[in-house]
Structures are given as structure tokens and as C-alpha cells.
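Asker:
There are 2 protein chains.
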Amino acid sequence: MKKELERLKQIDKELYLLKGMASMLYWDRATLMPKKGLNFRAEKLAMLNKQMHEKATSNELKKVIKTLSKPNNYKKLSKIDKLVVDKHQKKIKKLSKIPSIHVEKFSKIVMKSAAAWEEAKEKKKFSIFKPYLEKVLALKVKEAKLINPKIHPYNVFLDDFEEGMKYEDIKIIFGALKEGLIEILNNIKKTKKYKQQKDLLKKMDFPEKSQEVIVKDLTKLMGMEADRSIISTSVHPFTLTVAADDVRITTAYREGQPMFSFTSTAHEAGHALYELDFDPKLRYTILADAPSYGLHESQSRIWENQVCRSLDFWKFYYPFYKKQFKCLKNTDMRNFYELINQVRPSFIRIEGDEITYCLHIIIRFELELDLVEGKLKVKDLPKAWNKKYKEYMGITPRNDAEGALQDMHWSEGYFGYFPTYALGTLYSAMLFTQMEKEGITKNIRKGNLAPIHDWLHKKVHRYGSTMLTKDIIKRATGRLITPEDFLSYLKEKYYDIYGVK
Amino acid sequence: MKKELERLKQIDKELYLLKGMASMLYWDRATLMPKKGLNFRAEKLAMLNKQMHEKATSNELKKVIKTLSKPNNYKKLSKIDKLVVDKHQKKIKKLSKIPSIHVEKFSKIVMKSAAAWEEAKEKKKFSIFKPYLEKVLALKVKEAKLINPKIHPYNVFLDDFEEGMKYEDIKIIFGALKEGLIEILNNIKKTKKYKQQKDLLKKMDFPEKSQEVIVKDLTKLMGMEADRSIISTSVHPFTLTVAADDVRITTAYREGQPMFSFTSTAHEAGHALYELDFDPKLRYTILADAPSYGLHESQSRIWENQVCRSLDFWKFYYPFYKKQFKCLKNTDMRNFYELINQVRPSFIRIEGDEITYCLHIIIRFELELDLVEGKLKVKDLPKAWNKKYKEYMGITPRNDAEGALQDMHWSEGYFGYFPTYALGTLYSAMLFTQMEKEGITKNIRKGNLAPIHDWLHKKVHRYGSTMLTKDIIKRATGRLITPEDFLSYLKEKYYDIYGVK
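Just so you know, the sequences run in chain order A and B. Going by my numbering, the first sequence opens with residue 3, and the numbers climb by one from there. Going by my numbering, the second sequence opens with residue 3, and the numbers climb by one from there.
1) Looking at Ile130(A): is its Cβ nearer than 8 Å to the Cβ of Ala122(A)?
2) Does chain B have any CB closer than 8 Å to the CB of Lys331(A)?
3) Use the C-beta contact count for Leu482(A): other C-beta atoms within 10 angstroms, 16 or more gives buried, fewer gives exposed.
4) Could you tell me whether any Cβ in chain A is nearer than 8 Å to the Cβ of Lys36(B)?
5) Quick check on Leu278(A): does DSSP put it in helix, strand or coil?
6) With DSSP run on the structure shown, which of helix, strand or coil describes Glu257(B)?
7) So, are the CB atoms of Glu165(B) and Ser300(B) less than 8 Å apart?
8) Compare the beta carbon distance of Ala386(B) and Leu369(B) with 8 Å and say whether it is the shorter of the two.
9) Flag this pair as yes or no: are the beta carbons of Gln344(A) and Asp207(A) separated by less than 8 Å?
10) Return no unless some Cβ of chain A is closer than 8 Å to the Cβ of Asp247(B).
11) Any residues in the stretch 219-244 of chain B with a beta carbon nearer than 9 Å to a beta carbon of chain A? Which ones, in chain order?
12) Ordered along the chain, which non-local residues of its own chain (more than five positions away) have a Cβ less than 6 Å from that of Asn189(A)?
13) Please report the residue range of the alpha helix (DSSP H) in which Ala58(B) lies.
14) Within 8 Å of any Cβ in chain A, is that where the Cβ of Asn257(B) sits?
15) Since Ala245(A) sits in a beta bridge, which residues does DSSP pair it with?
16) By Cβ distance, which residues of its chain are closer than 6 Å to Leu489(A), with the 5 residues on each side in sequence left out?
17) Could you check the C-alpha separation between Lys11(B) and Gln91(B) for me, to the nearest Å?
18) What residue ranges within the stretch 282-337 of chain A form continuous alpha helix (DSSP H) runs of no fewer than 4 residues, ordered along the chain?
19) Less than 8 Å between C-beta atoms, sequence neighbours within five positions excluded: which residues of the same chain meet that for Ile446(B)?
20) Hey, how far is the Cα of Phe280(B) from the Cα of Gly426(B)?
21) Reducing DSSP to helix, strand and coil, say where Ile342(A) ends up.
22) Can a CB atom of chain A be found closer than 8 Å to the CB of Met54(B)?
23) With a threshold of 16 other CB atoms inside 10 Å of the CB of Ala48(B), please say whether the residue is buried or exposed.
24) Taking Met3(B) and Asn51(B) to be in contact with their CB atoms under 8 Å, please state how far apart those CB atoms are, rounded to whole angstroms.
25) Taking Cβ-Cβ distances shorter than 7 Å, what residues in chain A pair up with Met46(B)?
26) With distances taken between CB atoms, is the gap from Lys114(B) to Phe417(B) smaller than 8 Å?
27) Indicate whether at least one CB of chain B lies closer than 8 Å to the CB of Phe318(A).
28) Taking 7 Å as the limit between beta carbons, can you name the residues of its chain near Glu210(A), skipping five residues before and five after?
29) Please identify the residue among Phe349(A), Gly354(A) and Lys392(A) whose C-alpha is closest to the C-alpha of Gly405(A).
30) I want to verify the contact list: residues of chain B whose CB lies under 8 Å from the CB of Leu27(A), in sequence order.
31) Compute the Euclidean distance between the alpha carbons of Lys197(A) and Leu341(A), then round it to the nearest angstrom.
32) Can you pull the chain A residues whose beta carbon is under 8 Å from the beta carbon of Phe42(B), in chain order?
33) Can you name the residues of chain A whose CB is closer than 9 Å to the CB of Asp279(B)?
34) Name the chain B residues whose beta carbon is nearer than 9 Å to that of Asp456(A)?
35) Strictly below 7 Å CB to CB, what residues from chain A border Glu14(B)?
36) Let's test the definition: count the other Cβ atoms within 10 Å of the Cβ of Ser102(A) and tell me whether it reaches 16, buried, or not, exposed.
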């Protein structure tokens, strides 16, 4: 058994290193690689993915796990080793249910489907994408049934992204959330300020050099260690972990969106802190990861919104910020704070404000659940999409590119993924509320963000995936997931900004 | 046999992709990686190196090569496939002679030896390094005897770096070269200009931003395609091939050495053009490489020296160059040309000028040959070193760091490597002389460098290692290696600069 445990640790380490190499290749592709290097890069990534897949499903690993999970052996394992064995066992069991012919068929369809989505979006024609989405959806539902015919396919999908969460719970949570959000949005829409507000920032000149100064300063404030991380630029900002001491984020300097580099940095650096903070005991193991996409997202959104878009933050930060940008000479702090917290329903999810963002997600969740359950046909998706946008936000997309073709996730079979964005938002509000109760957040206005980082490190980050998300949230806040904290937070903040009585 | 050929191509491709991944990791380490990422990076590189070693010496590959090299099969192979089989066969044969216990012992010693060299250099004390150099030397000589006890160990070493070259030839070539160089150097030293010359550039201000403009412009002029290459910065400039369409160079902006970024870019871009120009038919094969270090070096030095430090080059380039740097307002072209071509014996090889550089190399060659033959004891190396510097260049190192400890190569067992720098210099002069004869070089003063690149592509680059260096040189110039072209070139250029009659 000692031999098997050693071997398991070795395989886990190899998988960890291979994953880090793949991340390195992705990073370089998005930030630096010369254009024509793409084909070779794809070949290298395919080679690494094949190696990882073979290693994670090898007969050797199966035998090792089988031996270690025998009751007599299992009971002698340390707590962490038990969790490692459990996680591998679950993964192997799941993968073993899917015949390789299905995997092959699916990956071929996905390639074509992604290309069709791209063409459809460019031409703003859903009909080009329709037959592929039908196939992808059918294959994913089939896959879910192969994995476990007894449970709802959507719950099978959720297991990959938000382990422990059920669609039945999401329906209830999102139901209350939707109601609350629509109420807040409607209250805001009635105000004079909403009707008169204009996006003045768009027309101001924020030189890139000064934005870079802010980006660097912000990550330092947040506690992202410079000798363990890197900041670079890419078209779409992202975070990637090359190794436990080598976590990388990107940002982008976009014309006409001067705050984009600031908010995207707060967001990605939030992800990066999580990745940098796993307990070193988990190093090289399958547990050195977040337990769910939602919890990971909570760590980016808490910094992006609750911390870095708050009045407390700008009270201490604005004098320094203002010094970097001549264009803000005549803009006072309160004015600036209101400009960066404007609410405005729009078609594009990734440009959504704090109020409307979750409505974008709820719409996607409701639609994909209906698709999976067969209540909605793919051909009727654009109509259903537009109807919900009208109903929840009062706007109607002018074409499919702004509508049902907006995100590429469905083309790759990512059903059950969108809800994690909203769940993360709810976790972030719960964690922030708890920090307020414990007196942690009062440090923000003093310019001291270390206590926030320390609290998150202690209550969330260090655990990796040794616990399920709901257990981490329960321990940290004493409560189960609820939209209440988020809705209260929004009311307090935005009713003040818009003068809602 | 068809199956074996397919398999060989597959293995070659896998080796190619793995090598490219390792290059990617090295590149990132030298240009970008956060400081604390080092340990993880070392683990990843060790993993890749192990994979490559196992693949290159696997029983499967041995069997494939054995089958394909049987006369009946071999004769049916294409010309390129024959060469691929030959090259693998030679490599396998060589590696099979060295027992793995020797490899292990050597790699352990090298690690310690490299660390000892570093400490010794810092403390300027050769005695710290001495016992390790003794061991490394003994093991390398033993290895050479294991590989082939019948031939001179130095020729075994040369086979790795400059296939087809023998130490007996180098002795003759370097003998004539040394005599010629010392004569030229002494003639220059006697001139009034040499005695009065000062390094005025050192005191001028060359802003980095403008140096960057020049670096970009220069690589474009040389024909380094922007969609197949990258320029970045690192402490020591280098070139790395990530893939056939992804070749990367670095430069450095050094204070007090304003020309460093220019000359190092010309040098590295010269290497890069070679790597970018291999015949696409050789893609993924073991032949997509230069046949020797010397020939690769010739391609960097021809651009760095013969092209980009020539009077013809500056005749067309100086007006544009001058525009970038205010400090050159009162410096005319001829003046500038003389300043960037100053001759001055110094201790540091990598700062050597065109005349003294090869003397640095010849000293190392003579010393390492004596060490290998046992004519010189390691303990006597510093004395022998200093004696040669005094004799050939008229200067004496003040300490071991400036002397025998200067380069790290010996600490890693790189005997037989240094000569390739001087051999490359001689090849570059031969190739340039041939281009002059064919009327190619007259394009330089017109600002058109494409014909130079095209000629090198056609005569050298495209072949990869389908031929030995001497055959490529013979075909391109009609002659065998000789120091004459280089010495004539130096006399013509430097006697003009220094007014030697």
C-alpha cells in the first residue's frame, strides 16, 4: 500500500506539471505568440491533452486507486490522502461510463459547432448555428444519461461545474433573485438621475501609461505578490496558473472604456489570489483547485465589485487616482463613484452592470434548462431569448449576434456552466456581509486591504477543494446560499446612488 | 517497412514538439517568469528532458531504425528518409556506448561543478573550482574513450559540435589565424589613432525607446518576418526556436553600451533567419537543424559584423539612425563608423572586437586541448591562461574571474565547443567574400538587404543538416575552410580605419 500511495503522488504530480505546461502554452498563445505559430501550438496542446487524458484514465492509476480504496487500506490514509483517493475515484468512475467512441464523436462535432457559431455570429444568422447546436445538445444529454440515467441531466452537468448544487435549488434561488433584481431595476429606472445620466468617462482621455501605473498599484494593494505572479495584456482578460508560485493575469487597455483595465484587473487579481493561496500541503495534488467555478468567481467578483467599486474604496483611493489623470481635474470623488457605477440594461452580458449582470445569467439558465428538458426546441431559441430580454430588462436585441448567438459556450456543450457566474456573485455578497459583521471591511476606507485578503485566505482560499463549496460557505458565513445579502447590498448601494426613496 | 517509416516520422514529430515545448519554457524563464516560479520550472524541464531522452533511446525507435536500415529496405527510402535514418542510427549508437551509471554520475558532478564555478567566480578564487573541473574533465575524457577508444578524445567532442571537423585541422587553421591576427593587432597598436582613441559613445545618451525603434527596423530590414518571430528582452541575448513558424530572439538595453542592442539584434536575428529558413520538407524531422554550431554562428556573425558594421551599411543607414538620437547631432557618419569599430584588447571574450575575439577563442582551444591531452594540469590552468593573454594580446588578467574563470562552459563539460565560435567567424568571411564575387553585397549600400538574405537562404539555410558543414561551405564558396578571407577582410577594413600603411 505504501508503494501505491507513492505512485499516486507521483502521478498527481505529473498531472500537475503537465497541466502547468499546457497553461504556459495557452498563456503564451494569448499574450505573445507570433501569428503563424498557431498550428504548431495546437499540435503541442493536443499532445499534452492526450498525455493528461491517458495518465488520468490509465489502468495503472485505476489499480492504484482500487488498492488504496479498500477499507483496510483506506482507513490508514491521512485526511488529505483520503480526499485525493475519493476525487480520483469519482473522476475515474465518471469517465469510465462514457465510451471513447462517444468522446471522439463529441469532440468532432464541437469543432464544427464552434466554427459554425463563429460564422453565424459574424453573419448574425442563427440558422447557420442551429443544426450544430441541436447535435451538441443531443450528445450532451446522451452523455448525461450514460453517466447516470437516474438523475436529471442538468444535475449531471452541474456536477462538473458546481459540485453539490442541484438545478432544483438554482430555480428557487434564481426565482427570488430575479424578482428582487427586476424590482430594484424598475425603481432605479424611475429616477430622474437614471433618465439624465450620461457616460461621461467614455469621452475623457485616460492615457495607457497611467492606467498601467494604476493596474500595478492595485494588484500590490490587493496583495498579489510580484515575485509569484505576472501581469500582461491580451484581447480578453484571463487568469492562468502555471504553477503554485507562478500565477498570471492579463488585462486590456480599451479605448472608450477607461475603467476596463481597472475592473478587469481587480477581477482577475481576485482569481489569482485564490490560486496563490492554496494550502502548500495540497501542492501537486488534485485538490489544489477551487471546489467549484462559482466559488472561484466569487473571489473575482468580491474584489471587482464589493471592494473596488465601493464608496469606501474610492474615499481613500481617489486622490491618488485623480493625480494620474488630468481629465479628472474637475470631477469630484462622489461624481466619479457614480459614473463608474452606472446602471443601464444592455444586450451584452460581459458589459453588464452589477444589477443587470445576473439577469443575463438567469435568462441563459432558464433557456438552457428548457432546452435540456426538451421544453424548448433549438429552432425557437432566438424568439424565446428575445422575449425574456424584453420581459426582464425591457430591451429587445436587434439581431441574433446581440441575442442568442452572443456567447460561444453552448457551441462547446457548456450547459450548466452559466449559473456559476450568478452563484459566485451571491457567494461574494454573503462573504462580504460576513466580513462587515466581523468588522473587517472598515479597513477599506483606511486604504488597508490586507485584512480582506487575509480573511478570504483563511476562510476560503487555503482549503482548495478539500471541502465542497456549500461547506466552505457554511463555515465562513454560518448560512446556506441565499440571494438576500446580494439584494440588500444592491439596494443599499444603488438606492443611495440613484436617490430611490 | 511502411509501418516502421510511419512510426519513425511520428516519433520524430513527437520529439520535435517536445523540444519546442522545452524551448517555450526556457524562453519564458529568461524573459518573463516570476522569480519564485523557478523550482516548478526546473521540474517541468526535467520532466520534458526525461521524456525526450526516453523517446530518443527507446527500444521501439531502435527496432524501427534497425528494420529501416536493412539494405533491402534502406535502398527503397527517399533521400531525406535515408538521412533521417542515418542520423538516428548514429545517435543511438553513440548513446548506447555510455552506460546510464556514467550519465547519472556526470550529471550530478556537473550540477556541483556549475555551482562551484559560480562561487569561485564571485570570490575570484580558482582553487574553489579546481577539484570539480578535474572531475568533469576526467569524466568527459572517460566518456570519449567509451564512445570510441581508437580516436582522439577531442575529436569525439568535436563530433557533437562540429561534425566532420578534426582537432588536427583546427590546429593548423588556428595557427595561421593567430599569426595573422597578432600581426594585424600589432600594426593597429602602433598607429596614432589607436593611441588617441576614446570610447565617446559610452558617454552619450541613447534613449531606450529609440533603440527599440532601431531594433525593430533592423530585423525588418534583415527579413525576419514579424508573423513568424518575436523580439523580447533578457539579461543575455539569445535565439530560441519554439516551432518552425515561431522563432524568438531577445536583446538587452545596456547602460553605457548604446550599440549593444543593435549588434546583439543583428547577431540573434542572423541565427533566427537560419532557423526560419529550413526547407519545409525537413519539418518535424531530426534534420531541421544546423549541421554544426560553427555554421550557425557564421549566420549570426555575418550579419553582426560583415553586414551591419560595414561602411556600406552605415552609408545608407546613418541618416535614419542619426534622426533617432539627438546625441549624434555633431557626429558624422565616418566618425560614427570608426567609433563602433574600435579595436581594444580586453579580458572579456563577449566584449571582444572583430580582431581580438578569435584570439580569445584560440587561447581557450589551445588550453582545453592541452587539458584533454594531459599536457596541462588543471591546477596550472590560471597561470597558463594569463601567459597566453600576455603573449597574444599584451594584457594580463588582474584576477581569476577576469581570467580562467571567465566562461562557465568548462564547468558543464563543454570541451570542443569554443572553437566553433572562431570557425563560424571564418565561414562567415568566406561566405561574404563569395557574395562579393557574385555581386550580391553591392546591394548593401543601396539599403537592400534582401539579396543577402536570399543568397544565404539558398546556399546555406534551406539545407538544414542534410549535408555536413564542410560540404555546404564547399558548395557555396568552392573552397575548404581557410582563415585567408577573414584576415583579408580585417586588413582591408581596419587598416583603412586606423590608417595602417
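Note that the Cβ used here is the ideal one computed from N, Cα and C, for glycine as well. If you're wondering where the values come from, they're calculated on a predicted model, not measured in any experiment.
Answerer: Concretely, from the data shown:
1) The criterion of a C-beta distance shorter than 8 Å is satisfied by Ile130(A) and Ala122(A).
2) no
3) exposed
4) It should be noted that the sequence gives Pro, not Lys, for residue 36(B). Cβ-Cβ to chain A under 8 Å: yes for Pro36(B).
5) helix
6) coil
7) no
8) yes
9) Not in contact: Gln344(A) and Asp207(A) (Cβ atoms no closer than 8 Å).
10) yes
11) Going along the stretch 219-244 of chain B in chain order, one finds Glu227, Ala228, Asp229, Arg230, Ser231, Ile232, Ser234 and Val244 with a Cβ nearer than 9 Å to chain A.
12) Val502
13) Leu40 to Ala58
14) Here the sequence assigns Glu to residue 257(B), which means Asn is not the residue at that position. Output row for Glu257(B): interface = no.
15) Ala245(A) pairs with Asp248(A).
16) Gly182
17) 14 Å
18) 295-303 and 313-326
19) For Ile446(B), where only same-chain residues beyond five positions count, the Cβ hits under 8 Å are Val309, Ser312, Asp314, Phe315, Phe318 and Ile454.
20) 19 Å
21) coil
22) no
23) exposed
24) About 31 Å; that fails the 8 Å criterion.
25) Residue 46(B) is actually Lys in this sequence, not Met. Near Lys46(B) (Cβ distances below 7 Å), the residues of chain A are Leu19, Gly22 and Met23.
26) No, these two residues do not count as a Cβ contact at 8 Å.
27) no
28) The beta carbon of Glu210(A) sits closer than 7 Å to those of Tyr255, all from its chain and outside the five residues before and after it, given in chain order.
29) Phe349(A)
30) Result: Met23 and Met26.
31) About 14 Å.
32) Leu19, Gly22, Val244, Ala245, Ala246, Asp247 and Asp248
33) None at all; the shortest Cβ gap to chain A is about 14 Å.
34) Neighbours of Asp456(A) in chain B, taken as residues whose beta carbon is under 9 Å from its own, are absent, since the nearest beta carbon is some 20 Å off.
35) A small fix is needed here, since residue 14(B) is Asp in this sequence, not Glu. Neighbours of Asp14(B) on chain A: none; closest Cβ ~13 Å, over 7 Å.
36) exposed
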